[in-house]
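First residue of the sequence shown? That's 1 in UniProt numbering, and the numbers climb one at a time after it. Beta carbons: idealized from backbone N, C-alpha and C, even for Gly. Since the model is a prediction, treat every value here as computed from it, not as a measurement.
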Amino acid sequence: MKPLTLEMTAFGPFADTQRLDFTALGDWPLFLINGPTGAGKTTILDAICFALYGKTTGNEREGTQMRCDSAPDSLLTEVVFEFGLADKRYRVRRTPEQQRAKKSGDGYTVQKSEAFLERLEGDSAVPMASAKVTEVTAEIEDLLGLEVEQFRQVMVLPQGQFRKLLLADSKEREAIFGQLFQTGIYKRIEDSLKQRALELKAKARELEARRAGILETAGAESLDALNAAISALAPELASAADAKLAAETKLAAAKAGRQAAEARLREFAALADTKARLEAENARAESMAALGIQLERATLAESLAGAWHAWEEREKERVSAETAAMQAVEEAKQAETALAHAREAAFALPELDTKRQQLRADTERLAEWRPRMSRLSALSEAIATLGQGLSALDANLAHVRSQLGNTQGRMAQLTQQRRDLSALASSAGSLEAALVQQTQAFERQQQFIEKERQAHKLGAELSRLEADGRQAKVNQEQLTHARELLELAWHQGQAAILAARLLPGEPCSVCGSKDHPNPAHHEGMLPGDDELAAARDAEQQARELLSRARSDYKAQKQRLDAMAQELTQDAAALGDALATSLEQKQHLLGQSREACQNARAAQQSLQALDAELEQLDSAQKQLMANIDELQRQREQQSGELQKASGEKDSLSSAIPELCQRLGSEQAFDAHLATLSQQIDALSAQIEALQTRQKEAETRQTQCNERRDALSRALSEADSRQAAAKARFDTELAAKGFDDVQSFTQARMSADEMTAAKNSIASWQQQLAGLKERLAAQREALGDALPPDLTDLAAAEACAQEEFGQSNQCWQSLNDTQVMYSRARAQLGSEAEAAARLDADYALIGTLSDAASGQTGGRISLQRFVLGVLLDDVLIEASNRLHLMSKGRYRLIRKEDKAKGNRASGLDLDVEDAYTGKLRPVATLSGGESFMAALSLALGLSDVVQAYAGGIKLDTLFIDEGFGSLDQDSLELAIRTLVDLQSAGRMIGVISHVTEMKEQIQTRVDISKGNDGSKISLTLP
């Protein structure tokens, strides 16, 4: 990864937007980041780390704490970082959660954290992740192959943390190297084998649980006990089966006897039922005879149906003819009356025609005056319009004159206001200059007070760290004492264990003597190896906690000393300004701001007054011109009104009285239309009277003719009806009916006659069938008597009870036998499965233990591979460390197994050529540790790039640490950095060492000011 540009806005000490162009430093530069304390040197590294991962390099401040207090509210805190990776360019932009001013209204609102990642292709940008912070961080980790902790340890050596990678234990170094060398496949192999071994163990436990459950269900303790129970059950089951078969045979015989008796009883019941039904049918004989007689009379009546229907039809025809004749007589009378009324109305026709002629003459006379009435109407409208126009002009003229008066009054008022504001506006410049000076003094004192508050906070934290260190020291001493007591008890216990194994006459395995006069013994529980290892681990953890507590205390003390030095410098710079309290300065500052605001408001008001006066002057001129125009228009319309009034008076005197009475042109036209409507109405009335008389005469003639024809038809219908009645009476007497009533009573419908015939036939058929069935039933029963079911039912119940008891006994034994057999079969299947699992675990479990580091040297598969890679790293690192330490030190991988259950295989020792011994890297001094950490980081960079094509560590930032080196070591370290830069690396160094500034000519200079820090470049 190679940085290209870094842009910081309102971030750390940078109040505005500051841009750092790394490409301007050269292709692979070695550059110094230079500036006073607190200017923001480390902030550059924080910004790079924050842009990539959302965290700072030292992890001491969150992104939300990185906002610059001096930044304006309108400016959001943001970092934009462009970097190159292989042949591709990327840009990441990240903003932390922060308070921002509301877009509308007063107050603040929360701006959520955002992040964006883009791939740059020419002038275009291709989005790679959404605005979600976690997605961008995950994408960065995939691109760089590093998480934030690993990035801090191999690409950035933060201030005070450069020893972290050097002093990391095997577990921590495994996580870092595994990511860098991409050895995750070996870890996945370990995890896969471990998971498969755990699954096999779980299946074995599950099989054992199922086997125990099967035996528990069967009520047996073992497979042998189950086989014995099956053998003992066999004779009992055979005896129960024989008893069940005998009881079942007895029950079948009893049931057959009872069923035969029930069948004979059903035959006797059927005989009784047939007798009852036969008696019921014999009781219906009289009703069937009466129904036969009724059917015979209905048949006779049916033969007279033709004559009966003919008489009915002739009667209907006679009644219809009679009704039509009576209606025709009535219509003839109505036609005669209507003709008389029409002739009487026709007497008014001459008078109506005379009136129509008079109306036509009046219409012709009025039509001659129509054009003059039109002109008179037009003149009336024109006079009314001109009058309204004059009224409107008068009102408008009065309104404009009123506006002119208001405008002139407003101009006088504004002129006076302008004179009052001029004096106040002229003082704005001097007031603003004084405000700037007061604001700067207030901010400097405010920053001084904030530093004092931070110093008090650091002091309190230092006291807490001191107390924590004392407590950690006490804990470490207690755990050391406990471990020593436990080791003593363990060693004493080993002698007791050996003594317990001694046999009389046998030699001792320690001294070889066959006499054992006073063997060692031990009372109580002996400590085990696990307990001893746990005590050693607890002691080691306490030592590590104590070491961290001392390191934290030292770092905090350095920060507090630096803060105290800054406070001393700031107090000297402020001088007498500290005599005035911050509240007094704030009060005076508020008064100055108010005075400046009033002066600026006066300036703005003057501009507004001048603009309004100019507008009012233009409006005054326009209003005066409007008044002149309105007066001219009024004089013109007044002359036109007088002329139109004279012409109207002359025309009105010549028009007849009727036309004048009608008034308007519309009324004149309406009167003409009324006359025309009256003429049309008279013409229609005359025509209607004439038509009515003609139609009445025609109607009378038609009605008389129809009346005579219908009278003749009625006489013919009477004759036909009488003849049909005579024929029916003759046939009625011949069939034996006394009168029409007896005939109608005897009649039946076709359905009724069919139903009667079917009823008689069905009764006769059913009666014969019952007689035949009764004879057959009597013959079948003969002289037999009904059986008694009581004894038979009791015998069957007894047999049923006996069978139930024997069947229950057999079923219980049979269920037990089935359960035993099933359990034995299941146990056989489980035994086969357990054998297969044991065979699988013998292979997989052994491989898992070996790959997970549970055997031998307790080194896992991945840690073994990383150990080989670490050896390569240490070769490169030792070459550089050997040079910088003047041939004294080399880094060596520690191959001894760690104590207890701690991970091992990746721990480091340092080889001291002066003593010829190996010792832990933690024993190196501060300067020696810095050289070792720098060498390790550079060696790691070389080897990672050689092994992994996806990870390229071609950039390194170093924050401080050079101050701990002597002059010779410093020169060697600088020479190493120059060699790296020449080989194609970008190296950025933060340092206050004077020699570094002299030898590194390419610099990123950061200047510190009241308005925030600024970035500039110094190039050779």
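Neighbourhood of residue i by C-beta distance below 6 Å, restricted to the same chain and skipping five residues each side
i: L52; result: I140
i: N758; result: none
i: L20; result: L6 and I1015
i: Q622; result: none
Residue i burial status per 10 Å Cβ neighbour count (16 or more: buried)
i: F11; result: buried
i: G145; result: buried
i: V510; result: Low confidence applies to V510: its pLDDT is 45, below 50, so where it sits in the model is not reliable enough to give any reading.
i: N406; result: exposed
i: G575; result: exposed
i: M387; result: The identity of residue 387 in the sequence shown is Gly, whereas the question assumes Met. Classification of G387: exposed, given that the 10 Å Cβ count is below 16.
i: S852; result: buried
i: V818; result: exposed
Neighbourhood of residue i by C-beta, 7 Å cutoff - its chain only, sequence neighbours within 5 removed
i: I987; result: L30, L956, L977, L980 and Q981
i: L339; result: A696, E697 and Q700
i: R483; result: A535, R536 and E539
i: W311; result: A724, K725 and F728
i: L1019; result: T1002
i: M288; result: I760 and W763
i: K41; result: I33, G35, I990 and I1006
CB-CB length for residue i against residue j, believed under 8 Å
i: T95; j: E121; result: The pair is not a contact, with the Cβ atoms about 24 Å apart (cut-off 8 Å).
i: E432; j: C596; result: 5 Å
i: T363; j: S676; result: 7 Å
i: P13; j: T43; result: 6 Å
i: M884; j: S935; result: 7 Å
i: L874; j: G916; result: Contact doesn't hold; Cβ gap of about 18 Å is too wide.
i: L906; j: R173; result: 4 Å
Span of the beta strand (DSSP E) around residue i
i: Q1001; result: Taken as a continuous stretch (DSSP letters only), Q1001 belongs to no beta strand (DSSP E), as it is neither H nor E.
i: D909; result: L908 to D912
i: Q111; result: Y108 to Q111
i: R89; result: K88 to T95
i: R747; result: Looking at the DSSP string, R747 is not in any beta strand (DSSP E), and its letter there is neither H nor E.
i: E114; result: E114 to E121
i: S1016; result: K1014 to T1018
i: E7; result: K2 to F11
i: F14; result: F14 to D21
Residue interval of the alpha helix (DSSP H) (run including residue i)
i: G84; result: First-last for G84: E78 to L85, but that is the beta strand (DSSP E), not the alpha helix (DSSP H).
i: V989; result: It is not in any alpha helix (DSSP H) - V989 instead sits in the beta strand (DSSP E) that spans M986 to I990.
i: R880; result: L861 to M884
i: A243; result: L223 to N282
i: K735; result: Taken as a continuous stretch (DSSP letters only), K735 belongs to no alpha helix (DSSP H), as it is neither H nor E.
i: M288; result: A285 to S303
i: F50; result: K41 to Y53
i: T137; result: V133 to L144
Alpha-carbon spacing of residue i relative to residue j, whole angstroms
i: L198; j: D191; result: 10 Å
i: E752; j: L295; result: 9 Å
i: P786; j: R778; result: 13 Å
i: W28; j: A125; result: 25 Å
i: A794; j: Q805; result: 17 Å
i: L218; j: D849; result: According to the sequence provided, residue 218 is Ala. The question's Leu does not apply to it. If I take the Cα positions, the gap works out to 38 Å.
i: A842; j: F864; result: 23 Å
i: L870; j: E149; result: 19 Å
i: S239; j: Y820; result: 19 Å
Close-in-space but distant-in-sequence residues of the same chain around residue i (CB under 8 Å, 5 per side omitted)
i: R824; result: L223, L226, N227 and I230
i: L613; result: M411, L414, T415 and R418
i: I686; result: L349, L352, D353 and R356
i: R550; result: G469
i: A913; result: G887, R888, Y889 and R890
i: A204; result: A834, L837, D838 and Y841
Residue-chain proximity (residue i, chain C), Cβ-Cβ < 7 Å
i: D394; result: Looking for chain C here will not work: only one protein chain is present.
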